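A quick write-up on the structure given underneath.
Residue numbers (our numbering): 19 to 371.
Here is the structure:
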């Protein structure tokens, strides 16, 4: 923990008279356990007290052009104006019009808000950020890389306003001092590219530990580690010939499959066929498979549609769900009773409170 102690802040007045600029030091403030305040004995000729407002502050009325954004995609943990904001970008919805609720775990956004407010409660005891209040701003990027980038650019360059709990909240350029991202797929890749220089104030929660950049971290094993775990399971069950059902348009599913494909042959597992189930009409997919085991690298929606199709086949097949396909039953709850033998390979999550 870094404690700002011994830092001196000076208040000065610039006075222009006859083309000559005069500087008067009004006071100085030194941080520490016992702050020191020094008032200057030198007084300027003009003793009138002034309050100079920084540009673009909403309470100063310095936002001539304000962009109104969707209040359903921007949230403050406590809706009011703050001096500074820490923005968190998450994929809470998906679809072209941001209309579909995703099955993404909500623990990351909640952890973000909890961490901010825990820090806000602690920093007064540490004499940090004295007289500075900041809020936690959650933004739903709707699983769109374009919207994620637009959110960051807007926060850096434009005043924008949204309504929450009957209040008009205006956020101005420069007041967002950092970003936390827990995005997925294309959204995450787009934001990683934007912050690739490493000098940006962003912490990214990466989905793949194998390709984590310097300013990102992950609590999940990488795609290669998950592929190795799957291969050990197949070896233990003596399943050497498998079929793969793949959502090719989903970056996370494709990355997981590529790692599995590279490692499979060297470990005695043969891929009989790879079926693309993403972005394809269900009736155009083959009903049966040539193997007794199918590994599904897909989104939950694609996996649900594929499993519903397999009900037409009399062949008994073991389905192994990887990644997001684990949540297939959320889209086809009535078919859950027909797939009691589905195997799901998921990272072990240890939660301590």
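Using N, Cα and C, we set each Cβ at its ideal position, and we do this for glycine too.
Predicted, not measured: the structure shown is a model, and the values here were computed from it.
Euclidean distance between Cα positions of residue i and residue j
i           : j           : result
residue 269 : residue 157 : 22 Å
residue 353 : residue 330 : 12 Å
residue 263 : residue 194 : 43 Å
residue 84  : residue 176 : 7 Å
residue 56  : residue 150 : 21 Å
residue 114 : residue 256 : 43 Å
residue 25  : residue 42  : 20 Å
residue 40  : residue 182 : 46 Å
residue 304 : residue 349 : 21 Å
residue 245 : residue 308 : 22 Å
residue 98  : residue 186 : 8 Å
residue 29  : residue 341 : 56 Å
residue 47  : residue 93  : 36 Å
residue 53  : residue 38  : 34 Å
residue 213 : residue 295 : 33 Å
residue 284 : residue 254 : 16 Å
residue 345 : residue 240 : 20 Å
residue 225 : residue 355 : A caution first: residue 225 carries a pLDDT of 48, below 50, which makes its placement in the model too unreliable to give a value.
residue 91  : residue 172 : 14 Å
residue 192 : residue 184 : 25 Å
residue 134 : residue 174 : 21 Å
residue 95  : residue 365 : 30 Å
residue 332 : residue 343 : 23 Å
residue 280 : residue 210 : 25 Å
residue 31  : residue 116 : 51 Å
residue 196 : residue 261 : 45 Å
residue 36  : residue 100 : 40 Å
residue 375 : residue 202 : Missing from the structure shown is residue 375; the chain here goes from 19 to 371 and no further.
7 Å Cβ cutoff met for residue i and residue j
i           : j           : result
residue 190 : residue 154 : no
residue 208 : residue 166 : yes
residue 106 : residue 198 : yes
residue 282 : residue 259 : no
residue 250 : residue 277 : no
residue 317 : residue 265 : yes
residue 159 : residue 112 : no
residue 87  : residue 180 : yes
residue 137 : residue 102 : no
residue 252 : residue 287 : yes
Neighbourhood of residue i by C-beta distance below 6 Å, restricted to the same chain and skipping five residues each side
i           : result
residue 459 : Outside the modelled stretch of the chain, which goes from 19 to 371, sits residue 459, for which no answer is possible.
residue 163 : 204, 205, 208
residue 347 : 354
residue 313 : 260, 262, 338
residue 27  : 47
Option in the options with minimal Cα separation from residue i
i           : options           : result
residue 33  : 27, 44, 25        : 44
residue 357 : 324, 92, 174      : 324
residue 247 : 339, 29, 102, 137 : 339
residue 351 : 322, 38, 288      : 322
residue 124 : 110, 134, 117     : 110
Closer than 7 Å to chain D by CB, residue i
i           : result
residue 199 : Looking at the structure shown, chain D is missing, and only one protein chain is on hand.
Own chain residues within Cβ distance below 8 Å of residue i, not counting five before or after
i           : result
residue 81  : 74, 177, 188, 190
residue 334 : 310
residue 169 : 105, 107, 157, 159
residue 272 : 264, 265, 266, 315
Contacts around residue i, its chain only, beta-carbon distance under 7 Å, and the 5 residues preceding and following it disregarded
i           : result
residue 359 : 336
residue 319 : 349
Check: residue i C-beta below 6 Å from any heavy atom of the ligand NAD
i           : result
residue 109 : As for the ligand NAD, it is missing from this structure, which has no ligand bound.
Which ranges would you report for the alpha helix (DSSP H) in the region 260 to 340 if only whole runs of at least 4 residues count?
With a minimum length of 4 residues, the continuous alpha helix (DSSP H) runs that stay inside the region 260 to 340 are 269 to 282, 318 to 328.
List in chain order: all unbroken beta strand (DSSP E) runs of 3+ residues lying wholly within the region 340 to 368.
Runs found: 361 to 363.
Which runs of the alpha helix (DSSP H), 4 residues or longer, sit entirely within the region 149 to 191?
Scanning the region 149 to 191 for uninterrupted alpha helix (DSSP H) segments of 4 residues or longer gives 163 to 175, listed from N- to C-terminal end.
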